Every structure is written in structure tokens, then in C-alpha cells.
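In what follows, a single structure is set out as C-alpha cells and then discussed.
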Amino acid sequence: MNGNSVGSIHTRLLAKTNTKVYDVQYRVFDVQKGEKVAHMKRGFKRKRDAQQFLDDLTSSIREGNYVKPQTITVAEVASEWFKNKQPKWKPHTVNWYKVNVEKHIIPALGKLPIQDLTVPILQRFYDQKQADGYSATTVSYMHRTLRMISDYAIRKRYISENVTLDPDLNLPKKKATNVVLLSHAEVVEILMDKKLSWENPMAVPIALGGLMGLRRGEVLGLLWSDIDLEKKKMHIIAQHTRYDGEMERSELKTSSSERILPIPDLVLEILKFQRRRQQELAEQLGRELKELDNGFVCCYLNAEHFGKAYQPNYFNRVFSKTLGQLNLKHMRFHDLRHTYATNLIHLQIPLTTIAQLMGHSSPDITLKIYAHVIDSLNEVDFQKVNTAINRLAQTNEKIN
Numbered sequence: 000m001n002g003n004s005v006g007s008i009h010t011r012l013l014a015k016t017n018t019k020v021y022d023v024q025y026r027v028f029d030v031q032k033g034e035k036v037a038h039m040k041r042g043f044k045r046k047r048d049a050q051q052f053l054d055d056l057t058s059s060i061r062e063g064n065y066v067k068p069q070t071i072t073v074a075e076v077a078s079e080w081f082k083n084k085q086p087k088w089k090p091h092t093v094n095w096y097k098v099n100v101e102k103h104i105i106p107a108l109g110k111l112p113i114q115d116l117t118v119p120i121l122q123r124f125y126d127q128k129q130a131d132g133y134s135a136t137t138v139s140y141m142h143r144t145l146r147m148i149s150d151y152a153i154r155k156r157y158i159s160e161n162v163t164l165d166p167d168l169n170l171p172k173k174k175a176t177n178v179v180l181l182s183h184a185e186v187v188e189i190l191m192d193k194k195l196s197w198e199n200p201m202a203v204p205i206a207l208g209g210l211m212g213l214r215r216g217e218v219l220g221l222l223w224s225d226i227d228l229e230k231k232k233m234h235i236i237a238q239h240t241r242y243d244g245e246m247e248r249s250e251l252k253t254s255s256s257e258r259i260l261p262i263p264d265l266v267l268e269i270l271k272f273q274r275r276r277q278q279e280l281a282e283q284l285g286r287e288l289k290e291l292d293n294g295f296v297c298c299y300l301n302a303e304h305f306g307k308a309y310q311p312n313y314f315n316r317v318f319s320k321t322l323g324q325l326n327l328k329h330m331r332f333h334d335l336r337h338t339y340a341t342n343l344i345h346l347q348i349p350l351t352t353i354a355q356l357m358g359h360s361s362p363d364i365t366l367k368i369y370a371h372v373i374d375s376l377n378e379v380d381f382q383k384v385n386t387a388i389n390r391l392a393q394t395n396e397k398i399n
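Here the sequence shown stands for residues 0 to 399, numbered as in numbering that gives the first Met the number 0.
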């Protein structure tokens, strides 16, 4: 051992093969024991590899980046991270990460010491998940979870580097989403009672999505107590989400998502129609009208499930069926939210106002999502300016 190194290299002869290998012996300070402790890294096939390990080790100790050898597994770190983060998350976020950790990461990688997690191992994990039929989006969520677990492991000094950030990792590419957009006129035309009966379960959701920009979870979580029909105001304060296999009304994902929205006249009339219809059905079924006061706006109206919020799968099926009845292209319900925002941009509503209506934390978020729409408008504006300049130039030539 020389003065510039924390250890030394020793040659060893393997009895079975009669070949040389190189072991690195080193001593590092153990905070818990309060003294230097000896360690051994064995079995390098080449001396230069052993020397590289020793050089890197010496450098990391001097720079304060050294992480001592440990046997803590991916499962142990993942569980520790989840337990630490869980109290800070909302229920639907807890459920989201719980699935990634317990269903995917621990079964596949749990027994592996986290210090042995490598790029090839991660790549095989992602490739296998894709081969099992999981979408690129789902695999990217698994990757995101592993990245956060690894960040936690670095903070706890379990590992010295986060291999999930390695540029050589080849993650599956997400397919571009085919967004279907409608004009304001098309949304209004759909909602005219002669085309889509207001008794249709999708009349209210389509109005709330296409003319007010609500998300599906916000639509399903909306209560009559959130709406002031007299003042034409709607308070978006909750969403309907799945947690541990059950549906529940929970807080919105971010504080900026909470907002008070003015209700357009057409949407107001549709809501009033829905309210009267629910009251009539409640009377027919012998239900107390006061049950409706804090009840869901969008709900089952049959005798067995009267007043219960729609299940997402049911909602998606009826929405898709309704599109077919209206001879419209297949679209996601979320496309109605994009429709609303895009139409506001075409109306040249300020981005700050659009961000508030959409529940975005800042206009920058709105700009990032809808930059392509704004770019197209900028092009139209440029053409207007260019046309005006050309007219002035032509007029000037005539004068001269």
C-alpha cells in the first residue's frame, strides 16, 4: 500500500484453473464503528482492472463520494422509500406507486442487491415488460419509479450513482396520441337536444368537457353542492379515482387544479335539466330529495345504483357508444378538454385566463401543452401582417 492509495493489489492463483486473479484489499473509515475497517474486492481477471477499481475507490473516498459495500436489496430500498414517501402523497398517488413497486419492481428485481443493479439488468427488465404486453407509457412509469428509488438510495448512501439515468438505456418510445378536436360550433351542435337527448348519460359530461374543460375524474367527482345554479358558478374541488380497487372521491392532484368556473348558459340549462330529472326519478323511486343535495351530478339513475357515481369503465363504454350514435370519430374524453383549450386559444383568450380555467399551475404549462396551436395562430397572424404590408407597398407604388 503506497501513500497515494487507500489499498493494495494482491495476486492469487486459482487452484482449479491454475490462472492468476487479482484481489484489492483496502481500508476505509466506518462511521458506525468509529474506526477503519478492512474490505476485499476479489477476482479481477486483469491487473489493470484491479488498479482502475483501486484508483476510482481512492478518488471517491478523497472526494467524499464513497459508498461502502452493502447487501441491501432493491426490495428493501423500494419498501423503505415507499414507506418514507407515502405520508406525503395523496391516496391515488400512493396506489399508483404501490402498483409499480409491488407488482412489477419487487417481483422482478427485489432480491438483487441494489449496488448490483446495472444498465443491462434494467434493459432486460424493461424489454421483458414490453414483451409481456405493457405499453410504452406504463414501462416509462416503472422507469420513473426506479429512478426515484435510486435517487433515494443515493441520498441514503446505499449507492454512489443512479444507473437509471444512463443514456445507453433504451426505453420503449410512446406512440403519438391521435388527438381529435372539435370546433366550438361542433360541440354546441352535439349538445342541442334534437341531436343528443339531454336524457343521454353523456349529455352532461360532454358539456362539462367540451365547454368547460373538465377532466374525466373531475366530471365523475362533481357534486351538486359544488354548483351554484343561481350564481352560475362551479367549484372544482375533487375528483373520482380508484384506490385499492375501490372508487373514491379524493382531493385533486395539485392545488392549482382547484378552481371556480363560470358556467356557460347552455351548460347551465343542461345541468338544470339533469337536476329536475334526478328529482323526478328520486320521487318515483321513493327516495328523499335531500339525498341529491350532496349527491353526484353524473350518476346511475336506475333503482339498484341510483345516485352512485359512474364507474370509469362504464363511462368509457357509454361515451364510445354515444360517439358512434352521433357518427363522430372515436376520441378520448380527454380530447374534449383539449378541444376546449384549443377553442379558447382560437378566440384569442389570454394564456393567463386559459391557465386558470384549465387548472394549470402557470401559463407556461398551458403554453407547453398547446404550443403547436399557438404556433399555427402565429402563422395566421403573420400572414395578416404580410398582407397588410403588401397592400401598403402596392398603394405606395400607385402614388409614386
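In this text, a Cβ means the ideal position worked out from N, Cα and C, and glycines have one as well. Quantities reported herein were computed from a predicted structural model and do not represent experimental measurements.
How many whole angstroms separate the CB atoms of residue i and residue j, which I take to be in contact at a CB cut-off of 8 Å?
| i | j | result |
| --- | --- | --- |
| Ile105 | Ala74 | 5 Å |
| Ala237 | Gly212 | That belief does not hold up - the Cβ atoms of Ala237 and Gly212 are roughly 16 Å apart, past 8 Å. |
| Val186 | Asp334 | Not confirmed; about 11 Å, so no contact. |
| Val100 | Ala77 | 5 Å |
| Ala302 | Leu325 | Not a contact, Cβ separation roughly 28 Å. |
| Leu181 | Gly209 | 7 Å |
| Gly6 | Arg26 | 7 Å |
| Thr163 | His142 | 6 Å |
| Cys297 | Tyr313 | So it is not a contact: roughly 11 Å between Cβ atoms. |
DSSP on residue i, reduced to helix/strand/coil?
| i | result |
| --- | --- |
| Val100 | helix |
| Arg154 | helix |
| Ile259 | strand |
| Arg248 | strand |
| Ile437 | This structure cannot speak to residue 437, because the chain is shown only from 0 to 399. |
| Met211 | helix |
| Ala308 | strand |
| Asp126 | helix |
| Thr72 | strand |
| Lys84 | helix |
| Ile353 | helix |
| Ala107 | helix |
| Phe314 | helix |
| Thr240 | strand |
| Phe332 | coil |
| Met233 | strand |
| Leu222 | strand |
| Asp131 | coil |
| Asp227 | strand |
Residue i: buried (16+ other C-beta within 10 angstroms of its C-beta) or exposed?
| i | result |
| --- | --- |
| His9 | exposed |
| Glu295 | Residue 295 is actually Phe in this sequence, not Glu. Buried: at least 16 other Cβ atoms inside 10 Å. |
| Phe318 | buried |
| Phe28 | exposed |
| Thr240 | buried |
| Leu207 | buried |
| Met191 | exposed |
| Met39 | exposed |
| His371 | exposed |
| Ser249 | buried |
| Asp85 | Checking the displayed sequence, the identity of residue 85 turns out to be Gln instead of Asp. It counts as exposed. |
| Ile226 | buried |
| Val138 | buried |
| Gln277 | buried |
| Val36 | exposed |
| Tyr96 | buried |
| Thr338 | buried |
| Ala130 | exposed |
| Gln273 | buried |
| Leu53 | buried |
| Leu56 | buried |
| Thr386 | exposed |
Can we say the segment 167-178 touches the segment 124-139, given the rule of at least three CB pairs closer than 8 Å? yes
Any beta strand (DSSP E) of 3 or more consecutive residues that is wholly inside the segment 7-64: 19-29 and 34-43
Contact between the segment 346-366 and the segment 254-262: three or more CB pairs below 8 Å? yes
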